[in-house]
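Visitor: FYI, the numbering for the sequence shown is -25 to -1, 1 to 394, going by mature numbering (1 follows the signal peptide of the UniProt record, and there is no 0).
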Amino acid sequence: MEGNFRLNISSMLIAVCFATPFAHADDIDDGKAAFRSKDYSKAAELLSQPAQNGDSVAQAYLGYIFEFGLGKKANKAEAFRWYEKSATQGSEYSQQKLGVFYELGIGVKKDLAKAASWYAKAVEQGDANAEGNLARLYESGKGVPKNLAKAVELYRKAANQGNSAAQSNLGNLYHNGKGVPEDFEQARKWYTKAAMQGNTTALYNLGVMFRDGDGVTKDLMAAHIYFNLSAANGDSDAKAERNALSRKLSPANLKAAQQFASTWKPGEELPNGEGRNEVTDGDELDNSKYAASERIEYFEITLHSCSVKSKLNFQNKSAEPKSSTDSEFLILDVSFKNEDTESRLPFAGSVFINYGGKRYKFDNPETIWQDGWGLRFGKINPLLTERTKLVYKIPLYMRGEVDWVPGRNPENAKLTCGI
């Protein structure tokens, strides 16, 4: 089980890097004002002399400006120099910044023992980011002797101050029984606190809990929501998990899960789970409905239904389109009846899917399918009988109203169904 969960490392370090040192800048108002107005060149000019005169707040500001190249070219070594000057005077902000620089080797040679030492100095002043980062080092035994009890203590201090990475990592310890007795309820509690702040790792780990039913009612719809929210933050593993679950939900629940994730904002309530776990044995999610018939030029055309499959089982294997982890097949069950004496061929045409307020077009079918056989033609082969299936490859999670616009169709008449 432990392999399913991840420690939240990067978000702690990023949170550290982007916090501005306003708390120590009371006596450099002009420099602060310029910094806040994003006139970084002016801020650096105003802060330079106070920093050289030993003002720890001005030094911290200059460290930040040089670190991120604000108003000037980034210079990590120069950033380290100013942070070090500020840290030696007791600035907790600069102390935890030095810890980050030593831990990651930014502007200075990597030294985990020194990173732990500077984190510890900031921890003495109650800095939540330093508490979380030092906890990670104790958990892994890097730069300090491994001490899970100390890691739990520090994570808890940071978590109680609202640090989302520490909350997520504390949840992970409870989930896996590391340094504390295994406790799924506590794991979920801390994951949820972090997830409510949009923490990517916590969202992923909640997805795993609801996917596997760890201390919660197993709920694939809730798991899909959590993986989707994590994937939206750029987590590739969460994207793969979300896509896998998309194949297992009914169209109605998949649509509801997608809608929830698309409108959710940090701070809003997250799903608690209701045991929604429908899985189709034949991996087909069919939400088809009868559409209509249309007279289009020489043909009476009917769209009988549309459905979605993750894999096609052709008798003619060489003609079967390859499935993938991020796509599936939209199947239109159609019939063409030629109303004149000429042997004209109907064309498959285009499919439009209305999804997320946008209209997506798919021009060429992957295959034209009848009775288990597949033929790769853009137009309907005369050897086929009137009733056939058109197969289009679409993104895995795309659901909505489907408009089919057949070929040889000067008026762009469309037939509609839903998936």
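Just so it is clear, CB atoms sit at the ideal spot from N, CA and C, and this is done for glycine as well.
Mind checking residue 432: buried by the 16 CB within 10 Å criterion, or exposed?
Guide: This structure cannot settle anything about residue 432, because the visible part of the chain is limited to -25 through 394.
Visitor: Quick one: using the 10 Å Cβ neighbour count with 16 as the cut-off for buried, is residue 471 buried or exposed?
Guide: Outside the displayed range of the chain (-25 to 394) lies residue 471, so it cannot be described from this structure.
Visitor: Can you tell me whether DSSP reads Arg362 as helix, strand or coil?
Guide: Here residue 362 refers to the residue found at position 387 when the sequence shown is read from its first residue. Looking at Arg362 - three-state DSSP - the assignment turns out to be strand.
Visitor: Using a threshold of 7 Å, state whether the C-beta atoms of Lys51 and Gly82 are closer than that.
Guide: In the sequence shown, counting from the first residue as 1, residue 51 sits at position 76. In the sequence shown, counting from the first residue as 1, residue 82 sits at position 107. It is a contact, given that the beta carbons lie within the stated cut-off.
Visitor: Tell me the rounded alpha-carbon separation between Ser280 and Asn247.
Guide: Residue mapping note: residue 280 aligns to position 305 of the sequence shown, counting from 1. Residue mapping note: residue 247 aligns to position 272 of the sequence shown, counting from 1. Taking the straight line from one Cα to the other gives about 35 Å.
Visitor: What does DSSP give as the partner residue(s) for Arg334 in the beta ladder?
Guide: Here the question's residue 334 lines up with position 359 in the sequence shown. For Arg334, which the question treats as bridged, DSSP gives the partners Asn329.
Visitor: Pick out the complete alpha helix (DSSP H) segments inside the region 32 to 58, 4 residues or longer, and give them in chain order.
Guide: You should have found no qualifying run.
Visitor: Please tell me whether Asp86 and Tyr94 are closer than 7 Å, where the distance is taken between their beta carbons.
Guide: As a position in the sequence shown, residue 86 is number 111, starting the count at 1. As a position in the sequence shown, residue 94 is number 119, starting the count at 1. No. Outside cutoff.
Visitor: Please work out which residues of its chain come closer than 6 Å, Cβ to Cβ, to Thr(-6), disregarding the five sequence neighbours upstream and downstream, and give them in chain order.
Guide: Within the sequence shown, numbered from 1, the residue matching residue -6 stands at position 20. Interpretation of Thr(-6) is limited by its pLDDT of 42, a score under 50 that renders its predicted location unreliable; the figure taken from the coordinates is listed afterwards. Once the five neighbours on either side are set aside, Thr(-6) has no close Cβ partner at all.
Visitor: Does the Cβ of Ala97 have 16 or more other Cβ atoms within 10 Å, making it buried, or fewer, making it exposed?
Guide: Taking the first residue of the sequence shown as 1, we reach residue 97 at position 122. The residue is buried, with at least 16 neighbouring Cβ atoms inside 10 Å.
Visitor: Given this structure, state the Cα-to-Cα distance separating Gln136 from Lys164, to the nearest angstrom.
Guide: Position 161 of the sequence shown, counting from 1, holds the residue named residue 136. Position 189 of the sequence shown, counting from 1, holds the residue named residue 164. Taking the straight line from one Cα to the other gives about 15 Å.
Visitor: What does the Cβ neighbour count give for Ala124, buried or exposed, with the cut at 16 atoms within 10 Å?
Guide: Indexing the sequence shown from 1 puts residue 124 at position 149. So Ala124 ends up on the exposed side.
Visitor: Let me check understanding here. Comparing Cα to Cα, which of Asn218, Gly242, Gly173, Glu160 lies closest to residue 404?
Guide: The structure shown does not extend to residue 404, since the chain spans only -25 to 394, so no value can be given for it.
Visitor: For His246, list the residues DSSP reports as bridge partners.
Guide: Here residue 246 is taken as the residue at index 271 of the sequence shown, counted from 1. A small correction: the amino acid at residue 246 is Pro; His does not occupy that position in the sequence shown. None, per the DSSP bridge assignment.
Visitor: How big is the Cα-Cα spacing for Lys333 and Asp189?
Guide: Locating residue 333 in the sequence shown gives position 358, where the first residue counts as 1. Locating residue 189 in the sequence shown gives position 214, where the first residue counts as 1. Going from the Cα of Lys333 to the Cα of Asp189 covers about 37 Å.
Visitor: Express the C-alpha separation of Arg374 and Pro226 in angstroms, rounding to a whole number.
Guide: Translated into the one-based positions of the sequence shown, residue 226 becomes position 251. Translated into the one-based positions of the sequence shown, residue 374 becomes position 399. Roughly 7 Å separates the two Cα atoms.
Visitor: Roughly how many angstroms lie between the CA atoms of Glu243 and Ile200, to the nearest whole one?
Guide: As a working note, residue 243 is residue 268 in the sequence shown. As a working note, residue 200 is residue 225 in the sequence shown. Roughly 13 Å separates the two Cα atoms.
Visitor: Smallest Cα separation from Leu224: which of Val283, Leu181, Asn208?
Guide: The residue you call residue 224 lines up with position 249 of the sequence shown. Selected option, being the one with the closest Cα: Val283.
Visitor: Per DSSP, what are the beta-bridge partners of Gly393 in this structure?
Guide: By one-based count along the sequence shown, residue 393 stands at place 418. Note: Gly393 sits in a beta bridge opposite Glu376.
Visitor: Using 7 Å as the threshold, is the C-beta distance between Leu178 and Ser205 below it?
Guide: Residue mapping note: residue 178 aligns to position 203 of the sequence shown, counting from 1. Residue mapping note: residue 205 aligns to position 230 of the sequence shown, counting from 1. Contact flag set, yes.
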